[in-house]
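**Q** Attaching a single structure in structure tokens format; questions to follow.
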Amino acid sequence: MAERTLVIIKPDCIQRHLAGEIIGRFEKKGFKLVAAKFMQISEELARQVYAVHQGKPFFEGLVKFLSSAPVLVMVWEAEAVIDMARKMMGATFGYDAEPGTIRGDFGCSKGYNLVHGSDSAESAEQEINLFFRPDEIVDYKLTDSDWLYGKND
Ligand code: DAT
Ligand code: MG
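Under this note's numbering, think of the first position of the sequence shown as 14, with each following residue one higher.
Structure (structure tokens):
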């Protein structure tokens with residue numbers, strides 16, 4: 014089965030009207046959207062999403078930011094999608110991110126960074142389970158998948 018990753022279009026990205034731009038980049042790349050939810054993340058859930066950063070100096074601010082306004086949470090699927098999505102997002106902050114990446118093209122903050130993407134297969138599985146029940150992830154075939162991926166999908 015192709016890999017899956019959790020992507021969050023964060024509060025700053027929604028407020029800056031950039032959600033469509035981000036979705037468009039992943040669509041055009043050829044990733045398959047298999048789940049999506051527009052919601053406001055509770056402080057408790059934000060703590061779970063960023064549990065690995067608990068104790069770091071920026072943790073409380075990060076939790077406050079992620080739960081401050083609505084987000085769009087998505088699951089995207091493709092071979093090696095975890096690494097590809099993170100490459101497309103760029104370095105953690107727009108200040109350092111290369112032009113051509115999402116963070117590099119749309120941000121210059123050292124605090125807000127528009128998007129979240131899972132960083133490993135383990136965190137992807139864990140993060141997807143935080144937001145979606147198995148029956149909320151849609152199983153279907155893109156009609157152009159042979160053209161997108163070759164015949165090896
Ligand atoms: P990434 O989002 O690139 O995976 P990360 O997992 O290291 O980055 O950190 C999670 C989030 O925490 C990141 O999106 C923004 C915030 N963050 C990371 N390092 C920070 C720092 N030094 N100061 C403030 N916020 C930080
Ligand atoms: Mg991370």
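Glycine is no exception: its CB is placed at the ideal position from the N, C-alpha and C atoms.
1. Assess, as a yes-or-no matter, whether the segment 24-40 is touched by the segment 113-122 under the definition of 3 or more beta carbon pairs within less than 8 Å.
2. Where does His66 fall in DSSP's three states?
3. What I want to know is whether the C-beta of Asp109 ends up closer than 7 Å to one or more non-hydrogen atoms of the ligand MG.
4. At 4 residues or longer, what runs of the alpha helix (DSSP H) sit wholly inside the segment 46-110?
5. Can you tell me where the beta strand (DSSP E) holding Gly130 begins and where it ends?
6. For Gly124, verify whether its CB is less than 7 Å away from any heavy atom of the ligand DAT.
7. Looking at chain D, is there any beta carbon in it that lies within less than 8 Å of the beta carbon of Ala64?
8. Which term fits Asp25, buried or exposed, when burial requires 16 or more other beta carbons within 10 angstroms of its beta carbon?
9. Quick check: is any heavy atom of the ligand DAT less than 7 Å from the C-beta of Asp159?
10. Helix or strand or just coil, what does DSSP make of Ile210?
11. Under the rule that 16 or more other beta-carbon atoms within 10 Å means buried, what is Lys172, buried or exposed?
12. Could you check the C-alpha separation between Glu140 and Tyr162 for me, to the nearest Å?
13. Would the beta-carbon of Gly124 fall within 8 Å of that of Arg116?
**A** For this structure:
1. Judged by pairs of C-beta atoms under 8 Å, the segment 113-122 touches the segment 24-40, as three or more such pairs exist.
2. Walking along the sequence shown from the start, residue 66 turns up at place 53. Look at His66 here: in three-state DSSP terms it is helix.
3. The residue labelled residue 109 in the question sits at position 96 within the sequence shown. For the ligand MG, not one heavy atom lies less than 7 Å from the Cβ of Asp109.
4. Counting whole runs of 4 or more residues, the segment 46-110 contains the alpha helix (DSSP H) stretches 56-62, 72-79 and 94-102.
5. Position 117 of the sequence shown, counted from the start, is the residue given in the question as residue 130. Gly130 -> beta strand (DSSP E) spans Val128 to Gly130.
6. In the sequence shown, counting from the first residue as 1, residue 124 sits at position 111. Here the distance from the Cβ of Gly124 to the nearest heavy atom of the ligand DAT is below 7 Å.
7. Reference to chain D is not applicable here, since this structure consists of a single protein chain.
8. The sequence position of residue 25 within the sequence shown is 12, counting from 1. Flag for Asp25 reads buried.
9. The residue given as residue 159 occupies position 146 in the sequence shown. The answer is no for Asp159.
10. Since the first residue shown for the chain is 14 and the last is 166, residue 210 is missing from the structure and cannot be characterised.
11. The first residue shown for the chain is 14 and the last is 166, placing residue 172 beyond what the model contains.
12. Numbered from 1 along the sequence shown, position 127 holds the residue referred to as residue 140. Numbered from 1 along the sequence shown, position 149 holds the residue referred to as residue 162. If I take the Cα positions, the gap works out to 26 Å.
13. Walking along the sequence shown from the start, residue 124 turns up at place 111. Walking along the sequence shown from the start, residue 116 turns up at place 103. Here Gly124 is not near Arg116, since their CB atoms are 8 Å or more apart.
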